[in-house]
Amino acid sequence: MRPQSPKFFQTQTIATTRVVNSPPRDKRHDSCGRLAKVTTYQSRPKTTVTTTTYRPVIETRTVKLCTEKKCSGHETLIEQLTSENNKLNQRLIDLQNDFDDQIEKYESEQQTWITTNIEIESIRKLLEETQKNHKHEVSYLNSELNTFKSQFQYQDDQIRFITSQLKQQEVLENKIALLTTEIERLQYVIEDKNQIISQQLFRLQDYEKQLQVGQNVIEERNQEISDLQSRFNHYEQDLVFSNNIIHELKSEINQKDTQTQQLLAQKDSLLQTFRENLELLENKLVQSQQNEKLQEEKINLFSKDLMNLNDKIHQLENELNHQKESNFQLNQQVIINDQANEILQSQLFQQTQDHQNLVINKDSEHEITKQEKTALLNQLQQKQVELEDKTKEINDLNDKNQVIIIQLDEKTNQLNHLFEELQQTKTNQNNYNEQLKFQQQQLNELEKQNTELIVDINLKTESLLQFEQKLEFSIELNRQLQNQICQLQQQKNEVESKNNELENQIKSSQNDAETQQKQIENLKQQLNEELNQFRIEKDNLLLKNKEFEQSLLSLQQNSQEQITKLQSQNNNHLLSEESLKQEKLKLIEQILLQCFELERLGNQNNQQQGQINSLENKLSHLEDNIKKMKESELLNSQKQDIKLKQLQEQLDQNIKQIDSLKNDLKYQLSLVEELNKKNHFQQEQISHLQDVEQQLKFLNEQTNFQTKNLQKELENKIESESSLRFKLDKLLEELKIKQMQLVEMDSQMRLIEQNNNFDLSNLEERNSYLQNEVETWRQKFSILNKDYHRVQEDLMMLQAEFDAYKRRGQDLKNIKESTYFEVRKSSLYKENIDIKGSQTSISRLFKENI
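Residues in the sequence shown are numbered from 1 upward in steps of one, following full-length UniProt numbering.
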């Protein structure tokens with residue numbers, strides 16, 4: 001149905017309207033808004049333009065008609081108008097026909113348009129669905145992109161962290177390089193020290209050889225000392241025997257002195273009473289002869305005894321000569337030995353000082369080695385910590401790799417970079433493993449050095465054990481010597497018992513001289529007291545020797561090298577004792593010489609007694625000879641007195657020498673005490689050294705245990721590293737597989753994108769095609785609309801003229817028909833376009849007249 005156009009009111013003017021300007025479509029207020037008309041009444045034609053906001057501008061032209069009936073201009077105008085109306089009617093008819101054709105075409109096109117609209121709606125729905133799906137995909141992809149962005153940011157942070165860790169690793173590697181350089185420097189220092197130690201070991205070997213030579217010399221000297229001790233014991237026995245003989249001789253000399261004094265007194269009394277008793281002598285000749293016989297018998301006995309004694313004395317003299325020769329040789333040997341001992345003592349003192357210095361140097365070197373070991377242990381601990389950190393970092397990297405494996409989809413380049421970094425870390429790990437191997441080699445070398453040191457220590461302990469065995473052997477020798485000394489003491493006791501028996505015999509033989517026996521007993525008591533003192537001193541010395549031996553036994557466990565010094569000192573002490581004993585022997589020899597002189601004097605006295613006896617027999621005949629004998633006896637007595645005084649002086653000197661010897665013994669006792677103190681101090685030092693050796697052994701054991709633990713830890717770490725490498729290889733294989741999968745996914749995504757792009761391009765082409773068609777139809781419609789408006793304007797002008805003509809002729813009837821065309825835009829357009837038009841129809845009369 002066509003809508004009717006609005007009716008026009010009758011006016012005295014003819015108004016024509018046309019659209020001058022129209023606003024754009026976006027600014028149109030309403031698609032259904034009507035055109036506004038403005039008519040004005042004026043005396044002349046003019047144009048007015050009315051505008052409204054966002055509405056088209058319409059030009060309205062008004063023509064004023066004249067009111068005269070007979071007007072040529074009006075008639076001409078009417079004719080013109082009629083002609084124009086006719087033309088217009090024809091044109092309208094043509095237009096109606098064309099319009100009907102166009103309507104038919106439009107209807108057909110509208111059907112096609114509807115189909116196209118349906119298709120377009122279906123396509124639009126598909127597009128909406130595709131757009132929705134695309135939006136969902138885009139939102140999903142955006143979310144994935146956001147997740148990837150977050151992941152990649154996290155990965156970037158991780159990469160930065162890894163780069164920082166790599167920098168730290170580089171710093172640590174630099175530190176490790178510095179440590180390796182320091183370790184190499186320390187190795188060079190250790191090699192130098194090992195060379196120094198080897199030199200010192202060679203020196204120690206030389207010193208040990210020298211000590212062995214010295215020990216051999218000391219053993220030889222000990223053997224010589226044992227021989228000398230045996231000889232000394234033999235000499236002591238001889239001395240005891242000679243002392244007993246000397247005591248006997250002294251007692252006999254004293255007896256003979258008393259006898260000589262008595263004889264002198266008797267001689268004086270006899271000389272005084274000789275003259276008085278000359279007569280009595282004759283009577284007593286028989287008795288004197290008997291007495292002389294008895295005396296001769298006694299003299300024979302005494303002469304026999306004297307002969308025996310002389311034989312013994314000759315034997316003793318021979319033995320003494322031999323002993324003197326041997327003593328002279330021994331003295332020379334002792335002097336040589338003293339010189340050698342002094343040289344050895346100086347050498348031993350120097351060696352002990354050198355050894356102490358070496359011990360001090362070894363202690364310092366051991367402390368330095370301890371410090372170096374502690375430093376190496378600290379370095380090992382640091383390296384262990386670094387290894388633990390690196391293992392943690394490797395674990396973290398493994399975790400990160402797992403996370404990256406789960407999350408990586410599109411960052412292949414970064415994965416390649418990470419792969420390169422992993423290769424670098426592998427190379428670093430290989431370098432680090434090489435460093436670890438190098439350090440293991442260093443540890444093995446240190447273990448070898450420790451084993452060598454342990455072997456050296458074992459050798460030294462074996463040498464010390466040998467020293468201890470030698471000391472035990474020397475102690476056994478000392479025990480044997482003690483046993484020999486005990487045997488000698490027993491022999492001394494036996495000799496003393498024999499001496500006592502001899503003394504008893506002498507007492508039995510000297511019952512005639514009780515007074516002399518008392519004096520002899522007093523002398524014996526004095527001598528016994530002196531002997532008791534000497535015995536007490538000997539016992540003290542023996543006790544001290546026993547104590548010293550006990551101290552040696554206590555020192556036996558702790559004395560290693562210093563016992564040699566003690567042995568040398570003991571040997572020196574023994575040599576000093578031997579020198580003292582030799583001095584004693586010299587004194588005893590002097591005493592024996594004096595005794596021999598006394599015996600010689602006694603023999604002279606005996607000879608004088610024989611002469612006196614002969615003179616007594618010949619007194620009656622030889623008074624002059626008696627006087628001469630008296631004079632000679634007086635001279636001899638004076639000589640004997642002088643000799644006795646000399647002997648007393650010698651005895652005083654001997655007593656002084658004995659006192660000096662006692663002082664020397666006291667000094668030696670003080671030296672022995674000092675030696676004991678030194679031995680105690682040396683024992684403490686030896687115990688300290690043994691403690692140090694035990695500590696060194698303990699430290700060596702600890703170091704061995706720690707090295708074993710470190711080796712086990714290194715083996716475990718190597719196994720863990722191998723397992724981690726295996727895992728890394730697996731992960732790398734998985735990464736390669738994932739990369740292949742990613743490449744496949746990328747190819748699939750590219751194919752999908754190509755397909756989507758192809759579909760989108762098809763849709764865009766189709767949309768562009770449809771849009772082009774719509775634009776063509778819109779252009780056609782706009783052309784038609786323009787034609788319609790132009791025709792409408794013409795119709796309005798004709799209608800105005802027709803109305804005027806109608807009023808003038810009143811033959812026409814105003815019949816007006818309006819047409820209303822409304823074309824709605826399809827869904828592709830944003831706005832609706834309203835097209836309004838009016839069409840005038842001529843009345844039937846006008847048609848009939850035409």
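Using N, Cα and C, we set each Cβ at its ideal position, and we do this for glycine too. Bear in mind that the values here come from a model prediction, so they are computed numbers and not experimental data.
**Prompt:** Going along the chain, which unbroken runs of the beta strand (DSSP E) with 3 or more residues stay wholly within the segment 730 to 766?
**Reply:** none
**Message:** To the nearest angstrom, how far is the alpha carbon of GLU104 from that of SER83?
**Reply:** Within the sequence shown, numbered from 1, the residue matching residue 104 stands at position 104. Within the sequence shown, numbered from 1, the residue matching residue 83 stands at position 83. The straight-line gap from Cα to Cα measures roughly 31 Å.
**Request:** Assign residue 882 to one of three DSSP states: helix, strand, or coil.
**Result:** Since the displayed the chain opens at 1 and closes at 850, residue 882 lies outside it and no answer follows.
**Request:** Identify which residue in THR112, GLU128, SER660 has its Cα closest to the Cα of LEU760.
**Result:** Here the question's residue 760 lines up with position 760 in the sequence shown. Nearest option by C-alpha distance: GLU128.
**Buried versus exposed call for LEU178 [16 or more other C-beta atoms within 10 Å across all chains shown]** = For the purposes of this step, residue 178 is taken as the residue at position 178 of the sequence shown. By the 10 Å Cβ count, LEU178 comes out exposed.
**Asked** For GLU276, which three-state DSSP category applies?
**Response** In the sequence shown, the residue the question calls residue 276 occupies position 276. Coil, per DSSP.
**Item:** C-alpha gap between GLU793 and ALA804, whole angstroms
**Value:** Along the sequence shown, one-based indexing puts residue 793 at 793. Along the sequence shown, one-based indexing puts residue 804 at 804. GLU793 and ALA804: Cα-Cα distance of roughly 16 Å.
**Request:** Can you have a look at ILE176 and say buried or exposed, based on whether 16 or more other CB atoms are within 10 angstroms of its CB?
**Result:** One-based indexing of the sequence shown puts residue 176 at position 176. Under this definition ILE176 is a buried residue.
**Message:** Would you say SER230 lies against chain B (beta-carbon separation less than 7 Å)?
**Reply:** The question asks about chain B, but that chain is absent: this structure has only one protein chain.
**Message:** For SER198 and LYS730, I'd like the C-alpha separation in whole angstroms.
**Reply:** Within the sequence shown, the letter at position 198 stands for residue 198. Within the sequence shown, the letter at position 730 stands for residue 730. Cα-Cα distance, rounded: 53 Å.
**Item:** Neighbour-count burial assignment, SER670, 16 or more Cβ in a 10 Å radius
**Value:** Here residue 670 refers to the residue found at position 670 of the sequence shown. So SER670 counts as exposed.
**Asked** How big is the Cα-Cα spacing for GLU462 and ASN216?
**Response** Counted from its first residue, the sequence shown places residue 462 at position 462. Counted from its first residue, the sequence shown places residue 216 at position 216. If you take the alpha carbons of GLU462 and ASN216, they lie about 18 Å apart.
**Request:** Count the other C-beta atoms from every protein chain shown that fall within 10 angstroms of the C-beta of SER747, then say buried if there are 16 or more, exposed otherwise.
**Result:** Working through the sequence shown from its first residue, we reach residue 747 at position 747. Exposed, because fewer than 16 other Cβ atoms sit within 10 Å of the Cβ of SER747.
**Message:** Is it buried or exposed, LEU172, if we count other Cβ atoms within 10 angstroms and call 16 or more buried?
**Reply:** Within the sequence shown, numbered from 1, the residue matching residue 172 stands at position 172. Counting Cβ neighbours within 10 Å, LEU172 comes out buried, since at least 16 surround it.
**Item:** Counted within 10 angstroms of its Cβ, other Cβ atoms place GLU721 as buried (16 or more) or exposed
**Value:** As a working note, residue 721 is residue 721 in the sequence shown. Its Cβ being crowded by 16 or more others within 10 Å, GLU721 is buried.
**Asked** Roughly how many whole angstroms lie between the Cα atoms of ARG203 and GLU715?
**Response** As a first step, residue 203 is located in the sequence shown; it is residue number 203 there, counting from the start. As a first step, residue 715 is located in the sequence shown; it is residue number 715 there, counting from the start. Cα to Cα, ARG203 sits roughly 41 Å from GLU715.
**Message:** Using CA atoms only, rank isn't needed, just tell me which of LEU710, GLU649, GLU744 is closest to ASN378.
**Reply:** Translated into the one-based positions of the sequence shown, residue 378 becomes position 378. Out of LEU710, GLU649, GLU744, LEU710 has the C-alpha closest to the C-alpha of ASN378.
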